[in-house]
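The sequence shown runs 1159 to 1418 under the numbering used here. What follows is a short report on a single structure.
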Amino acid sequence: MTLSSSEAAGPDPRPLHARIAADLRDEIMNGDLAPGSKLPSTSQLKSRFDASNATIQKAVRLLKDEGLALGRAGAAVTVRDTRQRTVRPSGSLTPAVDGASYPWLTEASEPARAAHSTLLAVEEVSVVGDVAAALGLPEGSAAVCRRQLITIEGEPAELVSSYYPPDLARGTALAEPRRIRGGTPTLLTELGFPPRHSMDRLSARVATQEQYTALRLPGDLPVLRTLRAVYGAEGQPIEVTVMVKAGHLYELQYEFAPEA
């Protein structure tokens, strides 16, 4: 008899309440449990998962801590009003029109959501690994780094670290400890380096201590890490950005056409 991959790997070793929360989390994120709808009752969940009342309550508590479910004493627990926030990377390279905010913040603020960026640091750092490779610099080379935290409705949404070749950034607003109106695509265009295309590498990872703290993760949840290399008209790297989001709250939407 041939075993399936799941059977060959053995049963899920996680505690029962974590397994129940995982199944319900998937249904919430897929939209099977619609925003604003009631979660199945405790009795229904007990029957479905053959679990005790205490185990069901622990599972629901995980979902509440993650912001996926809402509830108060004496009232039914409901699914939060919105599904995962969808981020569309294709719009991030577009320079803002005169006087407008960075397009990502404008999109994130709709509908009726206040998005804000906080500049954490601007400094020269030594780059290594995939960041150095994407910038086309030797390991340990200097680069200008701008770090910021994006919040939506006061909640941490994304931790962003952007790196620039020193010859491009030194002596410009990129190296100054202040926010850039319209975002870096606008400034890069003004400096004569308009973004022409980009390459994204997306991975799911366990949060580092810094990411866990900055994003206020409620538990041992994965983060979405995007490494984006942006190239100028001559094909040279002009910006490399590492973006980290809470994996249970965000999804990325890519649109592309088949290659000719």
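Where a beta carbon is used, it is the ideal one built from N, C-alpha and C, also for glycine.
Alpha-carbon to alpha-carbon, Tyr1321 and Tyr1408
One-based indexing of the sequence shown puts residue 1408 at position 250. One-based indexing of the sequence shown puts residue 1321 at position 163. Cα-Cα distance, rounded: 23 Å.
Which residues does DSSP list as the beta-bridge partners of Leu1228?
Taking the first residue of the sequence shown as position 1, residue 1228 is located at position 70. Answer is Thr1236.
Would a C-beta distance cut-off of 8 Å place Ile1186 and Leu1226 closer than the cut-off?
By one-based count along the sequence shown, residue 1186 stands at place 28. By one-based count along the sequence shown, residue 1226 stands at place 68. Their beta carbons are under 8 Å apart, which means Ile1186 touches Leu1226 by this criterion.
Quick check on the burial criterion: 16 or more other C-beta atoms within 10 angstroms. Buried or exposed for Leu1197?
As a position in the sequence shown, residue 1197 is number 39, starting the count at 1. Buried, by the Cβ-count rule.
Taking all protein chains shown into account, do 16 or more other C-beta atoms lie within 10 angstroms of the C-beta of Gln1367, making it buried, or fewer, making it exposed?
Walking along the sequence shown from the start, residue 1367 turns up at place 209. Burial call: exposed.
Does Tyr1260 pass the burial test, meaning 16 or more other C-beta atoms within 10 Å, or should it be called exposed?
The residue you call residue 1260 lines up with position 102 of the sequence shown. Summary for Tyr1260: the model assigns pLDDT 49, below 50, so the residue's position carries little reliability; its value from the coordinates is reported in the next sentence. Counting Cβ neighbours within 10 Å, Tyr1260 comes out buried, since at least 16 surround it.
Check the DSSP bridge columns for Arg1219 and list the partner residues they point to.
Counting from one through the sequence shown, the residue named residue 1219 turns up at place 61. Bridge partners of Arg1219: none, in fact.
Extent of the continuous beta strand (DSSP E) run through Ile1310:
Translated into the one-based positions of the sequence shown, residue 1310 becomes position 152. From DSSP, the beta strand (DSSP E) with Ile1310 extends over 1299 to 1310.
Would a C-beta distance cut-off of 8 Å place Ile1310 and Ala1365 closer than the cut-off?
The residue given as residue 1310 occupies position 152 in the sequence shown. The residue given as residue 1365 occupies position 207 in the sequence shown. Not closer than 8 Å, so no.
Three-way DSSP call (helix, strand, coil) for Thr1342 in this model:
Position 184 of the sequence shown, counted from the start, is the residue given in the question as residue 1342. Here Thr1342 sits in helix by DSSP.
Give me the residue from Leu1332, Ser1201, Gly1312 with the minimum Cα distance to Val1302.
Indexing the sequence shown from 1 puts residue 1302 at position 144. For the residues Leu1332, Ser1201, Gly1312, the minimum Cα distance to Val1302 belongs to Leu1332.
Look at the Cβ atom of Pro1352, then the Cβ atom of Leu1346, and state whether they are nearer than 8 Å.
Against the sequence shown, residue 1352 aligns to sequence position 194. Against the sequence shown, residue 1346 aligns to sequence position 188. Yes; because the gap between Cβ atoms is below 8 Å, this pair is in contact.
Can you tell which of Ile1308, Ile1338, Val1398 has its C-alpha closest to the C-alpha of Arg1374?
Start at 1 with the first residue of the sequence shown, and residue 1374 comes out as number 216. Ranking the options by Cα distance to Arg1374, first place goes to Ile1308.
Where do the ends of the alpha helix (DSSP H) carrying His1175 lie?
For the purposes of this step, residue 1175 is taken as the residue at position 17 of the sequence shown. Start and end: 1174 to 1188.
So Arg1206 is in the alpha helix (DSSP H); what residue range does that whole segment cover?
Working through the sequence shown from its first residue, we reach residue 1206 at position 48. 1200 to 1207 is the span of the alpha helix (DSSP H), which, as asked, contains Arg1206.
Within a Cβ cutoff of 7 Å, which residues of the same chain sit near Leu1326, ignoring the five residues on either side of it in sequence?
Reading the sequence shown from its first residue, position 168 is the one you call residue 1326. Same-chain partners within the cutoff: Phe1351, Ile1396.
With 16 as the cutoff for other CB atoms within 10 Å, does Pro1314 come out buried or exposed?
Numbered from its first residue, the sequence shown carries residue 1314 at position 156. Label assigned to Pro1314: buried.
Excluding the 5 residues flanking Ala1124 on each side, which residues of the same chain have their C-beta closer than 8 Å to its C-beta?
The first residue shown for the chain is 1159 and the last is 1418, placing residue 1124 beyond what the model contains.
What residue does the beta strand (DSSP E) around Pro1380 start on, and which one ends it?
For the purposes of this step, residue 1380 is taken as residue 222 along the sequence shown, with counting starting at 1. Pro1380 -> beta strand (DSSP E) spans 1380 to 1389.
Measuring only the C-alpha atoms, how far is Ala1391 from Ala1279?
Locating residue 1391 in the sequence shown gives position 233, counting from the first residue. Locating residue 1279 in the sequence shown gives position 121, counting from the first residue. The straight-line gap from Cα to Cα measures roughly 28 Å.
With a cut-off of 8 Å on the beta carbons, I'd call Met1105 and Glu1316 a contact; round off their distance for me.
The chain is shown from 1159 up to 1418; residue 1105 falls before or after that span and cannot be answered.
With 16 as the cutoff for other CB atoms within 10 Å, does Thr1297 come out buried or exposed?
Sequence index remark: in the sequence shown, residue 1297 carries index 139 (1-based). The sequence given here places Glu at residue 1297; Thr does not occur at that position. It counts as exposed.
If you run the structure through DSSP and keep just helix, strand and coil, what is Thr1330?
The residue you call residue 1330 lines up with position 172 of the sequence shown. Of the three classes helix, strand and coil, the one that applies to Thr1330 here is coil, per DSSP.
Euclidean distance between Cα positions of Gly1257 and Glu1334
To locate residue 1257, count along the sequence shown from 1; it is residue 99. To locate residue 1334, count along the sequence shown from 1; it is residue 176. Caution applies to Gly1257, whose pLDDT of 48 falls short of 50 and renders its modelled position unreliable; the model cannot decide the point.
Quick one: measure Cβ to Cβ for Val1237 and Ala1192, integer angstroms, because I've assumed they're closer than 8 Å.
Translated into the one-based positions of the sequence shown, residue 1237 becomes position 79. Translated into the one-based positions of the sequence shown, residue 1192 becomes position 34. Correct: roughly 7 Å between the Cβ atoms.
Comparing C-alpha positions only, which one of Lys1403, Asp1378, Leu1379, Thr1371 sits nearest to Leu1385?
By 1-based counting over the sequence shown, the position of residue 1385 is 227. The shortest Cα separation from Leu1385 among Lys1403, Asp1378, Leu1379, Thr1371 belongs to Lys1403.
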